[in-house]
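One gets the working numbering by counting positions in the sequence shown from 1 and adding 30 to each.
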Amino acid sequence: SDSPISAYWCSVNYKKTHVFLDLSQSDDLQQALAYIADADVVISNFKPASARRMGVDSETLRRKHPRLIFAQINSFADPEDESPAFDMVLQAEAGYLYMCGEPDRQPVRMPVAFIDTLAAHQLKEGILMAMLHRERTGQGATVTTSLMESALASLVNQASNYLMTGHVPQRMGTRHPNIAPYGDMFACADDNMILLAVGTERQFVRLCQALNLEDLLQNPDYQTNAARVLHREALDRLLAAVFKTRKLDDWMSLLKPAGVPVARIRNMGAVFDLPEARAMILEEPHDSGVITRRVKTVAVHMDFS
């Protein structure tokens, strides 16, 4: 690209002021400490030994500034483990990579840095709780999370599948391990793909009614979600034959009003054709004159009226 600025950089640096300091230099360190003296929150991803050596660790700074909230993000649960860790490493180490992809194929990484994002939200929650605590008591706090713990905390049902039954989750593409048809995709007459996310028995009834497959409701292989998971391959063959008879837009027009959870597979261009996506675009001019764009990272709406 001929752009003078990185789009990746723009995605995470909206409205930020940047000060480049070498904390190994006394003058730069003093400037950083002056900023910290007036700060509500300090966020750090320094290795603990490095932070202590420079005097910017939690214990040192909070001793000087009792109201300070010091938020530390580490790679692993043991803060002294200084092994390099990037999002890709954690996707592998926390089990995500093993689960992602198609059966009998190599693992596939998640296409954005989800572990980094999950950890950021964990840290944010801790900071907010610390701010509430300080508002009530006047005391600061040290808030710590790690990429690994944040990843583990987000395994949800896949963790329970293993912890309760010993089942090791396998690569299933988009399919859900506990619900069918959920995440199952089918080619339509125009070769566009449609995705089903049928999460309740009522929704399955509506699907069968809309597709003129009411006879499936009398078949014990499909009468319950548990049965459908066991007989998923046969069910998908039946559904695939029906979806191939009409175009994607026709199916969307039929199934959405019927209350069936269904989706088209949008690329990024189609996503930002959606009004709600366009409303989340943030623009900022760069010094070069380029208008930079990124999407909001906070989707919370608050009303204090």
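Even glycine gets a Cβ: it sits at the ideal position worked out from N, Cα and C.
A residue is called buried once 16 or more other Cβ atoms fall within 10 Å of its Cβ, and T195, having fewer, is exposed.
Counting C-beta atoms within 10 angstroms of its own C-beta, A264 has fewer than 16 neighbours from the protein chains shown and is therefore classed as exposed.
With contacts defined by Cβ atoms closer than 8 Å, I103 and V71 do not form a contacting pair. Secondary-structure assignment with DSSP links I103 through a beta bridge to T175.
In this structure, L225 keeps its C-beta atom at 8 Å or more from the C-beta atom of V290. When only Cα atoms are considered, A124 and D245 end up about 43 Å apart. Within the segment 114-175, the alpha helix (DSSP H) runs of at least 4 residues that lie entirely inside it are, in chain order, 117-123, 126-129, 144-167. Counting C-beta atoms within 10 angstroms of its own C-beta, M298 has fewer than 16 neighbours from the protein chains shown and is therefore classed as exposed. Residues of the same chain with a CB within less than 6 Å of the CB of S74, apart from the 5 flanking positions on each side, are Q102 in chain order.
According to the DSSP assignment, T322 belongs to no alpha helix (DSSP H) but to the beta strand (DSSP E) extending over 321-325. Measuring C-alpha to C-alpha distances from P137 to each of A122, H48, L148, T90 identifies A122 as the nearest. According to the DSSP assignment, I224 belongs to no alpha helix (DSSP H) but to the beta strand (DSSP E) extending over 223-227. Looking at the DSSP output, P315 sits in a beta bridge with I321. The beta carbon of R308 lies closer than 8 Å to those of F302 in the same chain, with the five residues before and after it left out.
Cβ-Cβ separation between R97 and G170: approximately 5 Å, consistent with a contact (criterion under 8 Å).
Leaving aside the five residues that flank I295 on each side, the residues in its chain whose CB is nearer than 6 Å to its CB run, in chain order, M223. Annotated three-state conformation of F234 is helix, per DSSP.
Secondary structure in the segment 46-78: the beta strand (DSSP E) runs of 3 residues or longer, each lying completely within the stretch, are 71-74 in chain order. Per DSSP, the beta bridge partners of A293 are L225. Buried is the label assigned to L153, since at least 16 other Cβ atoms lie within 10 Å of its Cβ. Around R324, the same chain offers C40, S41, Y44, L312 as residues with beta carbons nearer than 7 Å, after the five sequence neighbours per side are excluded.
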